[in-house]
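Going down the list, the protein sequences come from chains V and D.
Here our numbering is used: the first residue of the first sequence is 1, the next is one more, and so on.
Here our numbering is used: the first residue of the second sequence is 1001, the next is one more, and so on.
We put the CB at the ideal spot given by N, CA and C, even for glycine.
Bear in mind the structure is a predicted one, so any value in this text is a computation, not a measurement.
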Amino acid sequence: MYNPRTTLLFLLSAALAGLGGLAPAQDPAAAWGRVRPFLDRHCADCHDSGRRVRGGVDFAGLTDLEAAQGDPELLARAAELVGRGEMPPASRKDRPEAAAVEAFVRDLERIAAARSGPASPGRPTLRRLSPDEYARTIRDLLGVTFDAAERFPAEAATGGFDNLGDTLFASPTLVEKYFDATVEILDALDADEGLARKAYLPDLDDAAFVASFLRRAFRRPPTSGEIASRVALCAVRPEDPSPRAGRRAALQSALLSPHFLYRVERDAPAESEADSRPLDDHELAVRLSYFLTSTMPDSRLRDLADAGRLRDEAVLAAEVDRLLAAPRSRAFAENFAGQWIGFREIRRRAVDFRRYSGFDQTLKDLLFEEGVRFFQRLATEDLPLETILDADFAMLNERLAKHYGIAGVEGWPLRPVALTDRRRGGVLGMGAVLTLTSYPLRTSPVLRGRWILETLLDAPPPPPPPNAGTLPEDDVQKDGLTLRQRLEKHRADPACASCHARIDPLGFALEGFDGVGRAREEDQGRPVDDRATLPDGREIRGPAALKAALLERAGDFRRAAAKAMMTYALGRELGLADEAAVRDVLARTADAGGGYRALVRAVVTSETFRRRETTRPRAEEKR
Amino acid sequence: MMRAPMDRRRFLRAAGVALALPRLETFREDAAPAPRRLAVLFMPNGVHVPSWTPKETGAAYRLTPTLEPLRPHRDRVLVLSGLRNRNAFEGEGHYVKTTSLLSGARVKRTGGHDVRCGTTMDQIAAAVLGRDTPIPSLELGTEPVRNVVDMGYSTVYGAHVSWRSPTLPAAKEIRPRLVFERLVRGSRAGARPRDRRVVDLVLEEARALSRALSGRDRAKVDEYLDSVHALEGRIDDFARRRAGDEAEERRRLGLAADAVLPEARRDELDARDFPTRTRLMLDLVVAAFRADLTRVASFMFGNAVSGLNFSFLEGVAGGFHELSHHENRPEKTAQYALINRWHVEQLARMIQAMKEIPEGDSTLFENSAILFASGLGDGNAHDPKSLPVLVAGGLGGRLASGRHLVFGRDRKLCGLHLALLEALGVPTAQLGDADRPADGILV
């Protein structure tokens, strides 16, 4: 049942060092020097074939660093179970302290990251086009605008993104809707003679028409069988003799085919011995195109793939630049940054209209637009990744500036506005983020703190113990404690303190922003208290100081950014086995100047992006 | 002309998918007993226990403030206390307890890769009851799947109370307009002569692709393949329907549309506000049951951890989840209880609507069971030990309603599910931690 790719989450949830906390060496040998004694002390009684082996977990073979690196799945499993607190079992007297658990998991991570030899590129589960990708692809393929978000059920999202194959499920309802969608799309096509001529290609014979369409719809050269079966559909039939009916059926069958609806990457032939293979040019074009434009490859990518040139790293990198410079890379800002940072959700967010009068749909749309334009600018200007944490500009128009209390911005178009006030600038000053991390009627330092840890530092706090949520009884009083005071009391309980000491201060520093991101001096009649004590004892106050503290952990932030982008690009969650690839991407990003576009380029040119695992994952065979 | 009494099922199959016929009296009810229906209403975030749980047990129970809206239906409601879902105790506070509520299955902890729980009781029922209706089951809700991994669990879990298989949550529809269209119009599949050939070609390609892939990729294609098979069935229905009298068909279709939702309410279908959408969804369930378009439905008032703002209620200012963590502060528990009570009001309204639909000598309500439940007891503590559960209806006289039943030693929630399945005509040997129906549910 164990799966290495799901583990990193758990692993990191336990692996959090507080702000300004541990900064240990990256030396894997030193890490191993700490891990082995931990295993001997806490695990070997039950998991060593010299004594006994419970649950099939045996650490006896991990005799040295090399052996440990040779079994990343075992390391990942140890990290997951120990990190989650499930092992050693609660019944053992001598259980490791929380700090020791954290150090152990971090060490395992270091060992995995330093593993030599080629990393496995992994194997994303077959991906169906998300509704948004479907709509954009239909537009490019036929010129028809189709509102997929309105027609298809909302997709489940995994790892923060809606384009991961694992949670894109098919159901009879969905397939019915796919069918109805094709009817609607083709009706729209038939109603527009200009579009119809381009799609039906009346000057070509059936075979050429089918081949031309399939090449685009299937995003690769079609097989002769795929063409022949559709040529047969094209034949005039007595029961429906209208001239276009046949070709329409051929188009429809392509739009319903799994080769259109899914992004198929074929398995290697069974006789193949290699663990992984390079993607072919067309598969690579598809990955690249959906990554940066959320749609099918354009004609240039198709031509490059046909010519077999896309596998050339320099060509690939140039295509990244070309796509990011084009207007349709807006999809990348909307779908990647929009889901990673979360601002894509703001348009659907309901806030309390009585408490926050004036927070209307237009403002929500603008808050979304602010995020999109900010990340588009990062890409086109190749601004440093840290700009996401702290920028000296914001993308504003008059309405947004007014919302933020910034003077001197007039008119409707959004534009980069230089900021003098360091409280704004970067995602922590964005109204979308501040709203999405609040409750309908009030701010939540806990939600905001947790969002920073999860999203910006890739260090989600572990889940609260089963009884959390019940604040201590003595907290129930009518003396009018502020939210902050009650949280502080909550933290006096040692069971809560270990996590909330990390979470809450980050949110406290943002208390100067209300539940929709406006600056405020008072909270329900009391002056806002935005002082915070970081876990290392340092006192900070307000968002500028918070950003400065976060910038001290820029390494963690860059890692979080890289992992989020790789998750989105690959369409799968990352695991311990991907640590080496993440490290490599970060190193190449730094070499190329450390900008946002440099990161995109490093992701696309990574082995992980350009290859695919061919063997079945071991975990799957165990099952 | 003599007309032989027509078997209702055969008629419906012949009439095809989109015919939302109300149960017209032309059908001799003695030819086939009225079908039994199951609706599951899921409420997130638990209840304020003191306001929910009746003090008295047995038939003499008195309605509590939260249950008060059920006064007109008290005698047809079975309130259940003490039930628990053992396999959902651990994990975290909400998602696990939501997604396994109807299966009692263990939930695999994952951020989304390889989600796994169990086939739920409504889907077990639908697999059998759905054979006789155009739509096997409805899965409805109000909130989209949020895109986060929370506490190590994919939010897929918290957004699904129905699972078609242990690895496949049943996608739910959250827009009333789309539900309406699905009920009234059915799919367009089959309208064109070549549709069948198109679908056959797609099936063939999907099969070939499935053979060429392995592991999870193949499982994904197989999911698709199964769903296209279902579409094939609807095309066949459509073909049979076309064979019928077209004028007669149009007349019935008009009738059907009215049966599903009165003309006057159809302009509400795109309503964005939560209370209206909730009422519409429940109305659509009732209409679908009435027209026998389906016999199984589940509805999620909200997803697990729903933070939906209930300020539209007098006396409430805030989100559901936030208020569920009431810390025993009276001003919060009062609001929490009001929110719970609003949910019960919606149930009462649904019961009333179903009571007003005659079926032979009985009513739609008496032939149905509505299971109303949350995955938590006290939301403040994420308490899984005693769940707020009630069942309303009659199930054709099988349901021992009109009582407050308190479970002591043998308190398996899945025992309730097994009892309901038995009365629905889908006896099932085992579900979750239970291997026999709970005592006291059925007569």
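Check	Outcome
Under 7 Å, do G1315 of chain D and L1338 of chain D count as touching if we go by C-beta distance?	yes
Which ranges would you report for the alpha helix (DSSP H) in the segment 1113-1153 of chain D if only whole runs of at least 4 residues count?	1121-1129
Among the candidates D:V1406, D:L1399, D:N1309, D:I1370, whose CA atom is the shortest distance from the CA of L441 of chain V?	D:N1309
Given that Y439 of chain V touches chain D, what residues does it touch there, using C-beta distances under 8 Å?	G1307, G1318, G1319, E1322
What residues from chain D crowd round D275 of chain V, counting only those whose CB sits closer than 8 Å?	Residues of chain D passing the Cβ test: none, with the nearest at roughly 15 Å.
Could you give the distance in angstroms between the alpha-carbon of L19 of chain V and the alpha-carbon of R553 of chain V?	Confidence at L19 of chain V is low in this model, with a pLDDT of 38, below 50, so its placement is unreliable and the value that follows should be read with caution. For L19 of chain V and R553 of chain V, the distance between alpha carbons rounds to 7 Å.
Output yes or no for whether 7 Å exceeds the beta carbon distance between R1036 of chain D and N1367 of chain D.	yes
Mind listing the chain V neighbours of A1206 of chain D? Cutoff is C-beta to C-beta under 8 Å, in chain order.	S257, P258
Please state if the CB of F375 of chain V and the CB of M395 of chain V are separated by a distance shorter than 7 Å.	no
On the DSSP letters alone, give me the boundaries of the alpha helix (DSSP H) that P278 of chain V sits inside.	That residue, P278 of chain V, is in no alpha helix (DSSP H); its beta strand (DSSP E) goes 276-278.
Are at least three pairs of beta-carbons, each pair with one atom in the segment 1402-1411 of chain D and one in the segment 1120-1135 of chain D, less than 8 Å apart?	no
Do you know whose CA, among D:D1270, D:S1324, D:P1275, D:L1313, lies nearest A1304 of chain D's CA?	D:S1324
Report the residues of the segment 1219-1231 of chain D with a CB closer than 7 Å to any CB of chain V, ordered along the chain.	K1220, V1221, E1223, Y1224, S1227, V1228, A1230, L1231
Could you give the first and the last residue of the continuous alpha helix (DSSP H) run that contains P124 of chain V?	P124 of chain V -> no alpha helix (DSSP H), and no H or E assigned at all.
Comparing the C-beta of E1025 of chain D with each C-beta of chain V, is any distance below 7 Å?	Because the pLDDT at E1025 of chain D is just 38, under 50, the model does not fix this residue reliably, and the value given afterwards should be weighed accordingly. False, the Cβ-Cβ gap to chain V never drops below 7 Å.
Sort D:K1097, D:T1119, D:R1211 by Cα distance to L1168 of chain D and report the nearest one.	D:T1119
Please report the straight-line C-alpha distance between P1193 of chain D and D240 of chain V, rounded to a whole angstrom.	7 Å
For the structure I just gave you, are there three or more beta carbon pairs, one from the segment 1045-1055 of chain D and one from the segment 1065-1074 of chain D, closer than 8 Å?	yes
Within this structure, are the beta carbons of Y1157 of chain D and Y1061 of chain D separated by less than 7 Å?	no
Starting from H1160 of chain D, trace the beta strand (DSSP E) in both directions and tell me its first and last residue.	First-last for H1160 of chain D: undefined, no H or E at that position.
Can you check whether the C-beta of P1193 of chain D is within less than 7 Å of a C-beta belonging to chain V?	yes
Just mark L204 of chain V as buried or exposed, buried being the case when its beta carbon has 16 or more other beta carbons within 10 Å.	exposed
Would you list, in chain order, the members of the segment 236-250 of chain V that have their beta-carbon closer than 9 Å to a beta-carbon of chain D?	R237, E239, D240, A245, G246, R248, A249, A250
Please report how far the alpha carbon of R92 of chain V lies from the alpha carbon of D45 of chain V, in whole angstroms.	11 Å
On the DSSP bridge assignment, give the partners of I1371 of chain D in chain order.	Contrary to the premise, residue 1371 of chain D reads as Leu rather than Ile in this sequence. In DSSP, L1371 of chain D forms a bridge with D:V1040, D:V1391.
With distances taken Cα to Cα, identify the nearest neighbour of L546 of chain V among V:L389, V:F161, V:S229.	V:L389
Give the interface partners of V175 of chain V over in chain D, defined as CB-CB distance under 8 Å, in chain order.	Y1224, S1227, V1228, A1230, L1231
Counting C-beta neighbours from all protein chains within 10 Å, is the total for P1358 of chain D 16 or more, i.e. buried, or is it exposed?	exposed
Report all residues from its chain with a CB closer than 8 Å to the CB of L453 of chain V; omit the five preceding and five following residues, and keep chain order.	L16, A459, P460, P461, R502, I503, L506
Using 8 Å as the threshold, is the segment 1418-1432 of chain D in touch with the segment 1385-1397 of chain D, meaning 3 or more CB pairs across them?	yes
Consider the Cβ of R1216 of chain D: report whether some Cβ of chain V lies at a distance smaller than 7 Å.	yes
Can you list, in chain order, the residues of the segment 187-211 of chain V whose Cβ is nearer than 7 Å to any Cβ on chain D?	none
Let me check understanding here. Comparing Cα to Cα, which of D:A1297, D:D1114, D:Y1153 lies closest to T1098 of chain D?	D:Y1153
Could you have a look at V1079 of chain D and say whether DSSP puts it in helix, strand or coil?	strand
Would A1337 of chain D count as contacting chain V if we go by Cβ distances under 7 Å?	no
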